[in-house]
Amino acid sequence: MSIKENLNQINQSIPEHVTLVAVSKTKPVVDLQEAYDAGIRDFGENKIQEMCDKYEVLPKDIRWHMIGHVQTNKVKYMAPFVHLIHGVDSLKLLKEINKQAEKNNRVIDVLLQVFIADEETKFGLDTEELNEILSNEIQNLPNIKVVGLMGMATFTEDENQIRSEFKTLKQLFDHHQPNHPELKIISMGMSGDYQIAIEEGSTMVRIGSSIFGHRNYTI
Ligand SMILES: *Cc1c(COP(=O)(O)O)cnc(C)c1O
Numbered sequence: 036m037s038i039k040e041n042l043n044q045i046n047q048s049i050p051e052h053v054t055l056v057a058v059s060k061t062k063p064v065v066d067l068q069e070a071y072d073a074g075i076r077d078f079g080e081n082k083i084q085e086m087c088d089k090y091e092v093l094p095k096d097i098r099w100h101m102i103g104h105v106q107t108n109k110v111k112y113m114a115p116f117v118h119l120i121h122g123v124d125s126l127k128l129l130k131e132i133n134k135q136a137e138k139n140n141r142v143i144d145v146l147l148q149v150f151i152a153d154e155e156t157k158f159g160l161d162t163e164e165l166n167e168i169l170s171n172e173i174q175n176l177p178n179i180k181v182v183g184l185m186g187m188a189t190f191t192e193d194e195n196q197i198r199s200e201f202k203t204l205k206q207l208f209d210h211h212q213p214n215h216p217e218l219k220i221i222s223m224g225m226s227g228d229y230q231i232a233i234e235e236g237s238t239m240v241r242i243g244s245s246i247f248g249h250r251n252y253t254i
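Following this line, the structure appears as structure tokens:
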């Protein structure tokens with residue numbers, strides 16, 4: 036199936052209030068252009084250099100989402116244009132984003148990544164760190180707006196486990212949202228689990244291989 040056909044199918048299974056971020060990492064610019072022509076404006080990348088290269092050549096009304104783990108020393112390259120940084124999981128990174136946002140005279144929207152999985156490899160804040168950042172630390176970071184939370188479920192076939200991990204993120208969101216009305220987004224769900232994520236309250240899904248096909252990391 037073509038990218039356009041894949042997108043049609045996915046769009047039909049996503050409710051209106053859920054934003055689809057097309058995860059285009061490793062994919063060539065022609066593939067992104069095809070998705071763009073089919074109406075997609077939100078693209079997700081996980082490497083800053085690759086995102087900057089694609090930003091240069093593609094239409095300027097694209098909203099670029101940084102979904103990967105961010106190295107502090109590279110924030111400056113995306114600071115002028117990035118739309119939303121999903122994977123923010125340390126105060127050090129928040130401070131650097133704030134600094135670079137200030138240099139560019141803008142406020143950068145971020146999501147705090149929360150650790151919800153039962154795996155050692157996934158990045159993210161624990162509940163206490165999340166608390167600390169939301170209740171204290173963001174007050175000193177005027178060029179950052181925390182607009183939501185992001186999480187990744189364990190890579191497993193066990194649907195119950197995935198569901199309960201997404202529930203955890205939704206509960207954390209509901210716990211903090213009343214005191215932080217700027218929290219609007221729950222970014223959870225990928226190709227394999229986005230339907231469960233939406234059932235559990237996701238408002239933003241990050242879908243790659245179901246749109247663009249499998250990634251080939253060897254090239
Ligand atoms: C690659 C990636 C995705 C998309 O994964 P697919 O399984 O291809 O849909 C979503 N979120 C993050 C953080 C990713 O790195």
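So the sequence shown is numbered by my numbering: it starts at 36 and just counts up by one. Heads up, the beta-carbon is just placed ideally off N, CA and C, and yes, glycines get one too. Since this is a predicted model, take the numbers as computed values, not measurements.
When only Cα atoms are considered, residue 237 and residue 53 end up about 7 Å apart. DSSP places residue 144 in the strand class (E or B) of the three-state scheme.
For residue 180, there is no enclosing alpha helix (DSSP H); the residue is part of the beta strand (DSSP E) that begins and ends at 179-185.
In chain order, the residues that have a beta carbon nearer than 5 Å to some heavy atom of ligand 1 are 58, 81, 102, 225, 226, 241, 242, 243 and 244. Under DSSP, the beta-bridge partners assigned to residue 80 are 101. Of the other Cβ atoms in all chains shown, 16 or more fall within 10 Å of the Cβ of residue 181; this residue is therefore buried. The C-alpha of residue 227 is placed about 15 Å away from the C-alpha of residue 235. Contact between residue 165 and residue 145 does not hold, since their C-beta atoms are separated by about 13 Å, which reaches or exceeds 8 Å. Secondary structure of residue 203 (DSSP, three-state): helix. If you look at residue 168, you'll find it in the alpha helix (DSSP H) that goes 162-170.
Taken through DSSP and simplified to helix, strand or coil, residue 244 comes out as helix. In this structure residue 151 is not in contact with residue 103, their Cβ atoms being roughly 17 Å apart against a cut-off of 8 Å. With a 10 Å radius around the Cβ and a threshold of 16 neighbouring Cβ atoms, residue 224 comes out buried. Pairing residue 174 with residue 199, the inter-Cα distance amounts to about 31 Å. The three-state secondary structure of residue 151, taken from DSSP, is coil. Residue burial is scored here from C-beta neighbours: residue 195 has fewer than 16 other C-beta atoms within 10 angstroms and is therefore classed as exposed. Within 10 angstroms of the beta-carbon of residue 161 lie fewer than 16 other beta-carbons, which makes it exposed. With respect to the 8 Å criterion, residue 126 and residue 168 are classified as neighbours on the basis of their beta carbons.
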